[in-house]
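One structure is given here, and the rest of the page talks about it.
Number of protein chains: 4
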Amino acid sequence: MEQTKTVGRGSGKRERLVEGAQGAFYEQGVERTTLADVASRADVPLGNVYYYFKTKDQLVEAALEAHADAMREMLRSAERHRTPRARLKAMVRAFGEQRDVVAQRGCPVGTLCSEVDKRDDELVAGARAALMVPIDWAEREFREAGRPDARDLAVGLFAAYQGIALIANTLRDPSLITRETRRLERWIDSLT
Amino acid sequence: MEQTKTVGRGSGKRERLVEGAQGAFYEQGVERTTLADVASRADVPLGNVYYYFKTKDQLVEAALEAHADAMREMLRSAERHRTPRARLKAMVRAFGEQRDVVAQRGCPVGTLCSEVDKRDDELVAGARAALMVPIDWAEREFREAGRPDARDLAVGLFAAYQGIALIANTLRDPSLITRETRRLERWIDSLT
Amino acid sequence: MEQTKTVGRGSGKRERLVEGAQGAFYEQGVERTTLADVASRADVPLGNVYYYFKTKDQLVEAALEAHADAMREMLRSAERHRTPRARLKAMVRAFGEQRDVVAQRGCPVGTLCSEVDKRDDELVAGARAALMVPIDWAEREFREAGRPDARDLAVGLFAAYQGIALIANTLRDPSLITRETRRLERWIDSLT
Amino acid sequence: MEQTKTVGRGSGKRERLVEGAQGAFYEQGVERTTLADVASRADVPLGNVYYYFKTKDQLVEAALEAHADAMREMLRSAERHRTPRARLKAMVRAFGEQRDVVAQRGCPVGTLCSEVDKRDDELVAGARAALMVPIDWAEREFREAGRPDARDLAVGLFAAYQGIALIANTLRDPSLITRETRRLERWIDSLT
DNA sequence: CATGAATGAGCATTCATTCAT
DNA sequence: TATGAATGAATGCTCATTCAT
Numbered sequence: 203m204e205q206t207k208t209v210g211r212g213s214g215k216r217e218r219l220v221e222g223a224q225g226a227f228y229e230q231g232v233e234r235t236t237l238a239d240v241a242s243r244a245d246v247p248l249g250n251v252y253y254y255f256k257t258k259d260q261l262v263e264a265a266l267e268a269h270a271d272a273m274r275e276m277l278r279s280a281e282r283h284r285t286p287r288a289r290l291k292a293m294v295r296a297f298g299e300q301r302d303v304v305a306q307r308g309c310p311v312g313t314l315c316s317e318v319d320k321r322d323d324e325l326v327a328g329a330r331a332a333l334m335v336p337i338d339w340a341e342r343e344f345r346e347a348g349r350p351d352a353r354d355l356a357v358g359l360f361a362a363y364q365g366i367a368l369i370a371n372t373l374r375d376p377s378l379i380t381r382e383t384r385r386l387e388r389w390i391d392s393l394t
Numbered sequence: 203m204e205q206t207k208t209v210g211r212g213s214g215k216r217e218r219l220v221e222g223a224q225g226a227f228y229e230q231g232v233e234r235t236t237l238a239d240v241a242s243r244a245d246v247p248l249g250n251v252y253y254y255f256k257t258k259d260q261l262v263e264a265a266l267e268a269h270a271d272a273m274r275e276m277l278r279s280a281e282r283h284r285t286p287r288a289r290l291k292a293m294v295r296a297f298g299e300q301r302d303v304v305a306q307r308g309c310p311v312g313t314l315c316s317e318v319d320k321r322d323d324e325l326v327a328g329a330r331a332a333l334m335v336p337i338d339w340a341e342r343e344f345r346e347a348g349r350p351d352a353r354d355l356a357v358g359l360f361a362a363y364q365g366i367a368l369i370a371n372t373l374r375d376p377s378l379i380t381r382e383t384r385r386l387e388r389w390i391d392s393l394t
Numbered sequence: 203m204e205q206t207k208t209v210g211r212g213s214g215k216r217e218r219l220v221e222g223a224q225g226a227f228y229e230q231g232v233e234r235t236t237l238a239d240v241a242s243r244a245d246v247p248l249g250n251v252y253y254y255f256k257t258k259d260q261l262v263e264a265a266l267e268a269h270a271d272a273m274r275e276m277l278r279s280a281e282r283h284r285t286p287r288a289r290l291k292a293m294v295r296a297f298g299e300q301r302d303v304v305a306q307r308g309c310p311v312g313t314l315c316s317e318v319d320k321r322d323d324e325l326v327a328g329a330r331a332a333l334m335v336p337i338d339w340a341e342r343e344f345r346e347a348g349r350p351d352a353r354d355l356a357v358g359l360f361a362a363y364q365g366i367a368l369i370a371n372t373l374r375d376p377s378l379i380t381r382e383t384r385r386l387e388r389w390i391d392s393l394t
Numbered sequence: 203m204e205q206t207k208t209v210g211r212g213s214g215k216r217e218r219l220v221e222g223a224q225g226a227f228y229e230q231g232v233e234r235t236t237l238a239d240v241a242s243r244a245d246v247p248l249g250n251v252y253y254y255f256k257t258k259d260q261l262v263e264a265a266l267e268a269h270a271d272a273m274r275e276m277l278r279s280a281e282r283h284r285t286p287r288a289r290l291k292a293m294v295r296a297f298g299e300q301r302d303v304v305a306q307r308g309c310p311v312g313t314l315c316s317e318v319d320k321r322d323d324e325l326v327a328g329a330r331a332a333l334m335v336p337i338d339w340a341e342r343e344f345r346e347a348g349r350p351d352a353r354d355l356a357v358g359l360f361a362a363y364q365g366i367a368l369i370a371n372t373l374r375d376p377s378l379i380t381r382e383t384r385r386l387e388r389w390i391d392s393l394t
């Protein structure tokens, strides 16, 4: 939890760098983002970035972790619903709410996974971890809903979302996300 | 038929360059692929690449078109089946057959679309075109199968594939593709 | 005269190439003009340029000669005046008539001389020849007007024009040329 | 005074780069000068040039400014004379002293203006600024000498110099400069 | 901890010239 | 003569990473 043990009492530079990296990677892609971009977004002098992250890849890892954290946060908020089905639909609805930015730039996690795969095998571990957050969560919910094929359903559900995010992004059409998430909600309702 | 109208009557350099680009982009990503990589894969002197493609982006466009062509080819072969349902399942099966390479590197088209989106808006048109090939095809089939929501089904079907490709790739697990494509086949069968 | 003895019976390619070179060099400068530019302006296939000009520098030489020819032509037309003074003023007036294009791009000969000086010492001979055309002509006229310092006057007159061309070009102000040429005409009138 | 506010407190690299650029541009022309040439003249690693100047054009701008500064310096020294006429003649004499290098390579400012005009419209602003330094100065002097047509005289005087520089350079004849500057001095004396 | 500066390997692109046919 | 294609040496520019202070 205290990943900032070694560093300053709260200058917040590390946090700003991670946020800057997330934003830059999302908007321009990892490869086209320079450390100078991140430093400037975080308002941290370029030379100082090195103190917090030895390499650009460490920044990618941190961004991935931050995305995983954000996903956990979102899922936590879905947990206020009573039934597994309601919780699953809440997750789907949360995905749907991002439709505009996702149609413009893709899913932040999905695009990062895709790019990271071509970048460095070690980074893929972080991507995997981020991806597993919603899958594991959904699996638990499906299981609680009594589905023995919970894992497949969870994977399929998240795949449907990642796929529509990619297509809606390429086609620049947010309505595709709306329709698909509605379909997914109906599908969840229809599960026996 | 004579696809090399503009250049060379059969040296095949253009074709080799496009193939080299497809391969390199797929394996290393566009950004990490140098023109020298492509030239060397195609066994064409670096300076000569320029004669065929004015910019790297034109090579990306050509690779996208080649992917679209390959997809059309595959769909054509699925058309030997009698019923729309059989044809749709043939497409899904064809996707499934790629599971190993897709788990290793992702869907060639999907990863290219994802990368292109961060690269240049003009390239997105080519990505869109490539993406529409299977969607349009599947829509026609669903329609012939009597489904009024053919478009949504087509988009959903291809999204499911793109999503599972991304997840299987990140998780390096080809079995996910197998399971998902089976599920999709069953789903096609279950359509009324 | 028959500089095209060795070449075609009148296909006019050589002429078109020289004109294309003159135009391209004037508009973009020698260094920024590619042989492909010249070929395309002349509507001659690139590979064919080589048949007429072994090197780019030979095109520069030919352009310089063509400028000298044009200058001679202009001076010939000034010779219809009766007195040396009238002829000199006719030359100055002819210069003045180019004010707009000169303010936009400089004197075609002057800019070429300037560029050629940094390019290749051998080319300077051609530049010198082009420059001497109006100077020699003016010297003869000044001499006929009875001036013993005819040479200096001729050089000074042409220098004044070249200088104002450079300044008007950099300042993008054609009116400077108008004022200076008027001043020069008055000065010619004032000579005893 | 502390001209290196932005970068380095005294390494002098920026200064060396500008000087290197001035020299290289003067001797070889902008187009034929590579950044590597400038870097090597300044004894600065190539990659480091970018830290000081984002583009080659910025180096051109800096060179132009440095020329303007040098011109101002020269004019300042001409100001020790008592009368406007003496000051103007001092300027002309200073020009004349450069005759040998000017006959060999042209006027540093004039040739740069000429080249810049074909290079980039934005650079022309810097060229204009450099050109205006002596013109504005001479105008003030002519005005102080009581000439109502001070501006025209100033432009004409500088044009005469630029023109003779171009001609002397193309003809490789420094004596032309000597004669012309003498003539200009006499002309200044003759002004009522 | 902070930071301006430095570094060098690399990349897309350009183009005069050449050549096979 | 004509010409599409080929070639290779450059060139401007980029950037992750390092380091001295």
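Chains as they are written, first to last, in the working numbering: chain Z, 203 to 394; chain B, 203 to 394; chain R, 203 to 394; chain P, 203 to 394.
Glycine included, C-beta positions come from ideal geometry on N, C-alpha and C.
Nearest to A265(R) by C-alpha distance, out of D391(R), Y363(R), A340(R), V311(R), is V311(R).
Proximity to G358(P) across E341(P), S392(P), Q224(P) peaks at E341(P), based on C-alpha coordinates. Using a CB distance cut-off of 8 Å, K320(B) counts as an interface residue toward chain Z. Across the segment 350-365 of chain P, CB contacts with chain R closer than 8 Å involve D354, V357, G358, F360, A361, A362, Y363, Q364, G365, in sequence order along the chain.
Judged by beta-carbon spacing, D391(R) lies beyond the 8 Å limit of R289(R), meaning their Cβ atoms are not closer than that value.
Taking 7 Å as the cut-off between beta carbons, the residues of the segment 226-244 of chain R near chain P are Q230, G231, E233, R234, in sequence order. Not one beta carbon of chain Z lies nearer than 8 Å to the beta carbon of L393(B). Note that the segment 228-243 of chain R touches the segment 222-240 of chain P; at least 3 beta-carbon pairs, one per stretch, sit closer than 8 Å. Between V294(B) and L386(B), the C-beta spacing is below 8 Å.
Annotation for G298(B): the continuous alpha helix (DSSP H) segment containing it runs 286-299. Not a single CB atom of chain P sits nearer than 8 Å to the CB of R289(R).
In the three-state scheme derived from DSSP, where H, G and I count as helix and E and B as strand, S213(P) is classed as coil. Relative to D322(P), the option among T372(R), D239(R), L261(R), T383(R) whose CA is nearest is T372(R). The three-state reading of DSSP puts T257(R) in coil, since its state is none of H, G, I, E or B. In this structure, DSSP gives E281(B) a state outside helix and strand, which the three-state scheme calls coil. Proximity to M273(B) across Y254(B), F297(B), K291(B), H283(B) peaks at F297(B), based on C-alpha coordinates. In this structure, Q364(B) places its C-beta atom within 8 Å of the C-beta atom of G365(Z). The Cβ atoms of A270(R) and A332(R) lie closer than 8 Å to each other. Secondary structure note for T383(R): its alpha helix (DSSP H) is the uninterrupted segment 376-392. With its beta carbon less than 8 Å from one in chain Z, N371(B) belongs to the interface.
With fewer than 16 other beta carbons inside 10 angstroms of its own, E324(B) counts as exposed. With respect to V240(P), A223(P) sits close: the two C-beta atoms are nearer than 8 Å. Judged by DSSP secondary structure, V240(Z) falls within the alpha helix (DSSP H) whose first and last residues are 237-244. Taking 8 Å as the upper bound for CB-CB distance, A305(P) and D375(P) are in contact here, some 6 Å apart. Unbroken beta strand (DSSP E) stretches of 3 residues or longer found wholly inside the segment 303-366 of chain P: none.
Against V294(B), chain Z offers no close residue; the least beta-carbon distance is about 13 Å (beta-carbon pairs closer than 7 Å). For E382(R), the nearest CB of chain P lies under 8 Å from its own CB, placing it at the interface with that chain.
Between G308(R) and chain P, the shortest Cβ-Cβ separation is below 8 Å. Taking the Cβ atoms as the reference, A356(B) lies roughly 5 Å from I337(B), within the contact range of under 8 Å. Excluding its 5 nearest sequence neighbours in each direction, V326(B) has C-beta neighbours in its own chain below 7 Å: V318, D319, listed in chain order. Classified as exposed, A238(Z) has fewer than 16 neighbouring CB atoms from the shown chains inside 10 Å of its CB.
Of all residues in the segment 326-345 of chain P, only V326, A329, R330, A332, L333, M334, I337 come within less than 9 Å of chain R when Cβ atoms are compared, listed by chain position. In this structure, F227(P) is the residue among F227(P), V335(P), E217(P) with its C-alpha nearest to the C-alpha of R307(P). The three-state reading of DSSP puts G225(R) in helix, counting H, G and I together.
Residue contact check for G312(P) against chain R: a CB pair falls below 8 Å.
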